[in-house]
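*Asks:*
Number of protein chains: 2
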Amino acid sequence: MRSRADGGATAGRPRSEEAHQAILKATLDLLSEVGFSALTVEGVAHRAGVGKATIYRRWASKLPLVVEAFGELPAFEDVDSGSLEGDLKSMLRRYLENFLATPLAAAYPSLAAERAHNPDLSELLDPMLKRRRRPLARAFERARDRGELRPDVDIDLAADLVVGPIAVRLFFRGMRVHPDMVDAMVNLALSGLVSRRS
Amino acid sequence: MRSRADGGATAGRPRSEEAHQAILKATLDLLSEVGFSALTVEGVAHRAGVGKATIYRRWASKLPLVVEAFGELPAFEDVDSGSLEGDLKSMLRRYLENFLATPLAAAYPSLAAERAHNPDLSELLDPMLKRRRRPLARAFERARDRGELRPDVDIDLAADLVVGPIAVRLFFRGMRVHPDMVDAMVNLALSGLVSRRS
DNA sequence: TTCTGAACGGAACGTACTGTATCGTAATAG
DNA sequence: CTATTACGATACAGTACGTTCCGTTCAGAA
């Protein structure tokens, strides 16, 4: 995920992997501290102890840099507990436990907003988002194979149903979602809203 | 929602309501065209045909200006169809029909991201977000009173369950959500994911 | 009517940042 | 060794922020 050609084995000084990692780390640290809007390439350069040109040799601008840094943040992890309920609760609990230790809350919505006016960004983001979501999709596939899911359920939409409430609370309402809340959320998505009376 | 004191009835030239509305309109137009990041106060001033100082006399910075403009964007509208299903489908369909005609896709996530590093913003946003969500909450209250909801359902969480998938698709996945998709989404939230076999 | 004061658009200003270019030095391959 | 790429630090032209200023306009008070 290098936005700029990194040159093959040619005569010349090789790119410094140390600088590369220092830049990504500085980006994540500053995202946490000041958020996306206030993040500057100059600030990243200073924090990472590199020259600005070093950053611009690798990334065309702030946005692709933040996209790559974003890709290093925690996503859903594979869990196979034997039941959909177990998978979902475990996965979401893990995600939430990681959430507060990362700049996800500022980075993810900012990237989402940028993409509304930058179609090129979708090409960078979509594969990454899909990858990050993959463990969740697998949990649903297993559930369908086990006959746990209603037959007419669209798996993609099902995943959105489970992830949606958490995303709204974390990202849009700025709420603290404690990992213990996961149970109630998953239960609700699994059993639905309507009274069994109908 | 005036961020700067607007002076009572004193001797002096009164604030121009025309300028005020022109500024808000220019803000929304430019949000649509260039998004939050690329929106500049200088650009808004030029588009609205006002001086920069005119904007800064009313709003401390770009952020409160965008917040006020955001508050003018479509939200959920009150619908009372007699059933929860009818209410939800109607409300969400209306919301989606309006969505594409507004800069919601860029503005809302950006404000959400900003709030992660600006607690003061929560004080501006929270009342507004609550107000925008109120019709939805009322639909759930009516449903509970009619006995349509399962007795243990938390209304706030229920609303998040319904809104969540749409929010994820609109804001985070950059998907086109056609108003006709509303039926499947609401049906899924109402009936849940799990097979009736269990 | 004049006086006072707030607001107006346009412009100037110091500061910060963008993205590019440059420089002397460093690290490689051939 | 030469040629080449990369490094950090710095300079540069351009843009935008937020503040200040100016001449003009719009209102209330006297």
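Protein chains in written order, with the numbering used here: chain Z, 395 to 592; chain P, 395 to 592.
Glycine is no exception: its CB is placed at the ideal position from the N, C-alpha and C atoms.
1. Let me check understanding here. Comparing Cα to Cα, which of L457(Z), T448(Z), L486(Z), M569(Z) lies closest to S410(Z)?
2. Can you have a look at K524(P) and say buried or exposed, based on whether 16 or more other CB atoms are within 10 angstroms of its CB?
3. Give me, in chain order, the residues of the same chain whose beta-carbon lies closer than 6 angstroms to that of R526(P); leave out the 5 immediate sequence neighbours on both sides.
4. DSSP on V588(P), reduced to helix/strand/coil?
5. Step through the CB atoms of chain P and report whether any lies within less than 9 angstroms of the CB of S592(Z).
6. Alpha helix (DSSP H) containing R488(Z): first to last residue?
7. Note down the Cα distance separating L424(Z) from L564(Z), rounded to an integer number of angstroms.
8. Does the beta-carbon of P521(Z) have 16 or more other beta-carbons within 10 angstroms, so that it is buried, or is it exposed?
9. Using 10 angstroms around the beta-carbon of K483(Z), count the other beta-carbons present and answer buried if the total reaches 16, otherwise exposed.
10. Leaving out five residues on either side along the sequence, give the residues of the same chain with a beta carbon under 7 angstroms from the beta carbon of G437(P).
11. Using DSSP's beta-bridge definition, name the partner residues of L543(P).
12. Is any non-hydrogen atom of the ligand SAH found closer than 8 angstroms to the C-beta of V571(P), if you look at the structure I gave you?
13. Would you say E542(P) reaches chain Z, if we count a Cβ-Cβ gap shorter than 9 angstroms as a contact?
14. Taking DSSP as the reference, what is the three-state secondary structure of H511(Z)?
15. Taking the beta carbon of R509(P) as the centre, do at least 16 other beta carbons fall within 10 Å, making it buried, or is it exposed?
16. Buried or exposed, going by whether 16 or more other CB atoms sit within 10 Å of the CB of L494(Z)?
17. Using the C-alpha atoms, what's the distance from S477(Z) back to L459(P)?
18. Would V588(Z) pass as an interface residue toward chain P - the criterion being a Cβ-Cβ separation below 9 angstroms?
19. Determine the DSSP secondary structure at A463(P), reduced to helix, strand or coil.
20. Contact defined as beta carbons within less than 8 angstroms: I believe A578(P) pairs with A553(P). What is the distance between those atoms, to the nearest angstrom?
21. Using 8 angstroms as the cut-off, can you tell me whether the stretch 496 to 513 of chain Z makes contact with the stretch 499 to 518 of chain P, which would need three or more C-beta pairs spanning the two stretches below that distance?
22. If you run the structure through DSSP and keep just helix, strand and coil, what is S593(P)?
23. Report all residues from its chain with a CB closer than 6 angstroms to the CB of A463(Z); omit the five preceding and five following residues, and keep chain order.
24. Quick check on R532(Z): does DSSP put it in helix, strand or coil?
25. Do the stretch 567 to 577 of chain P and the stretch 537 to 545 of chain Z make contact, defined as three or more Cβ pairs closer than 8 angstroms?
26. Using a Cβ-Cβ cutoff of less than 8 angstroms, which residues in the same chain neighbour L433(Z) once the five nearest sequence positions on both sides are dropped?
27. How should P408(P) be labelled, buried or exposed, when 16 other C-beta atoms within 10 angstroms of its C-beta is the threshold for buried?
28. Which residue spans inside the stretch 420 to 469 of chain P form an unbroken beta strand (DSSP E) run of at least 3?
29. According to the Cβ coordinates, are V547(P) and I560(P) closer than 9 angstroms?
30. Based on Cα-Cα distance, which residue from A413(P), A506(P), N492(P) lies nearest to R441(P)?
31. Which residue from S475(Z), L551(Z), L467(Z) puts its Cα closest to that of R536(Z)?
32. I'd like to know whether the C-beta atoms of L555(P) and G558(Z) end up nearer to each other than 9 angstroms.
33. Closer than 7 angstroms by beta-carbon distance: list the chain Z residues that pair up with D577(P), in chain order.
34. Which residue's Cα is closest to the Cα of A533(P): M569(P), M485(P), V428(P)?
35. Taking the alpha-carbon positions, what's the A583(Z) to R488(Z) distance?
36. Look at the Cβ atom of A405(Z), then the Cβ atom of A507(P), and state whether they are nearer than 9 angstroms.
*Replies:* In short, the structure shows the following:
1. Start at 1 with the first residue of the first sequence, and residue 410(Z) comes out as number 16. Considering only alpha carbons, the answer is T448(Z).
2. Looking up residue 524(P) in the second sequence gives position 130. Counting the other CB atoms within 10 Å of its CB gives K524(P) a total below 16, which places it among the exposed residues.
3. Within the second sequence, the letter at position 132 stands for residue 526(P). Cβ within range, chain order: A469.
4. Counted from its first residue, the second sequence places residue 588(P) at position 194. Reduced to three states, the DSSP call for V588(P) is strand.
5. Walking along the first sequence from the start, residue 592(Z) turns up at place 198. Here the model assigns S592(Z) a pLDDT of 42, short of 50, so the residue's position is not dependable, and the following value carries that caveat. It does; some Cβ of chain P falls within 9 angstroms.
6. Your numbering for residue 488(Z) matches position 94 in the first sequence. Element bounds for R488(Z): 478 to 493.
7. As a working note, residue 424(Z) is residue 30 in the first sequence. As a working note, residue 564(Z) is residue 170 in the first sequence. For L424(Z) and L564(Z), the distance between alpha carbons rounds to 20 angstroms.
8. As a first step, residue 521(Z) is located in the first sequence; it is residue number 127 there, counting from the start. With fewer than 16 other Cβ atoms within 10 Å, it is exposed.
9. By one-based count along the first sequence, residue 483(Z) stands at place 89. That one is buried.
10. For the purposes of this step, residue 437(P) is taken as residue 43 along the second sequence, with counting starting at 1. Same-chain partners within the cutoff: L424.
11. Here residue 543(P) corresponds to residue number 149 of the second sequence, with the count starting at 1. V588(Z), per the DSSP bridge assignment.
12. In the structure on display, the ligand SAH does not appear, and there are no ligands present to speak of.
13. Counting from one through the second sequence, the residue named residue 542(P) turns up at place 148. Closer than 9 angstroms to some Cβ of chain Z, the Cβ of E542(P) qualifies, so yes.
14. As a first step, residue 511(Z) is located in the first sequence; it is residue number 117 there, counting from the start. The answer is coil: DSSP assigns H511(Z) none of H, G, I, E or B.
15. Numbered from its first residue, the second sequence carries residue 509(P) at position 115. R509(P) comes out buried.
16. For the purposes of this step, residue 494(Z) is taken as the residue at position 100 of the first sequence. By the neighbour-count rule (16 or more Cβ atoms within 10 Å), L494(Z) is not buried but exposed.
17. Walking along the second sequence from the start, residue 459(P) turns up at place 65. Walking along the first sequence from the start, residue 477(Z) turns up at place 83. If you take the alpha carbons of L459(P) and S477(Z), they lie about 49 angstroms apart.
18. Along the first sequence, one-based indexing puts residue 588(Z) at 194. So yes, V588(Z) belongs to the interface.
19. Your numbering for residue 463(P) matches position 69 in the second sequence. In this structure, A463(P) counts as helix in the three-state DSSP scheme.
20. The residue given as residue 578(P) occupies position 184 in the second sequence. The residue given as residue 553(P) occupies position 159 in the second sequence. In fact, because the Cβ distance is near 18 angstroms, the residues do not count as touching under 8 angstroms.
21. yes
22. In this structure chain P extends from 395 to 592, so residue 593(P) is not present and cannot be described.
23. Taking the first residue of the first sequence as position 1, residue 463(Z) is located at position 69. Within the same chain, A463(Z) has close Cβ partners L418, T421, L422.
24. Position 138 of the first sequence holds residue 532(Z). Residue state, collapsed to three classes: helix.
25. The way I'd put it, the stretch 567 to 577 of chain P doesn't touch the stretch 537 to 545 of chain Z; fewer than three beta-carbon pairs between them come closer than 8 angstroms.
26. If you number the first sequence from 1, residue 433(Z) lands on position 39. Result list for L433(Z): T421, L424, L425, K456, V460, in chain order.
27. Taking the second sequence and counting its residues from 1, one reaches residue 408(P) at position 14. P408(P) is exposed by the Cβ-count criterion.
28. none
29. As a working mapping, residue 547(P) is identified with position 153 in the second sequence. As a working mapping, residue 560(P) is identified with position 166 in the second sequence. Not a contact, by the Cβ cut-off of 9 angstroms.
30. Counting from 1 along the second sequence, the entry for residue 441(P) is found at position 47. Checking every option, the nearest Cα to that of R441(P) belongs to A413(P).
31. Indexing the first sequence from 1 puts residue 536(Z) at position 142. Comparing Cα-Cα distances from R536(Z) to each of S475(Z), L551(Z), L467(Z), the minimum goes to S475(Z).
32. Here residue 555(P) refers to the residue found at position 161 of the second sequence. Here residue 558(Z) refers to the residue found at position 164 of the first sequence. G558(Z) is positioned such that its CB atom lies closer than 9 angstroms to that of L555(P).
33. Position 183 of the second sequence, counting from 1, holds the residue named residue 577(P). Under the 7 angstroms cutoff, chain Z gives no residues; its nearest Cβ is about 12 angstroms from D577(P).
34. By one-based count along the second sequence, residue 533(P) stands at place 139. It is M485(P) whose Cα lies nearest to the Cα of A533(P).
35. Here the question's residue 583(Z) lines up with position 189 in the first sequence. Here the question's residue 488(Z) lines up with position 94 in the first sequence. Approximately 18 angstroms between the Cα atoms of the pair.
36. To locate residue 405(Z), count along the first sequence from 1; it is residue 11. To locate residue 507(P), count along the second sequence from 1; it is residue 113. Their beta carbons are not under 9 angstroms apart, which means A405(Z) does not touch A507(P) by this criterion.
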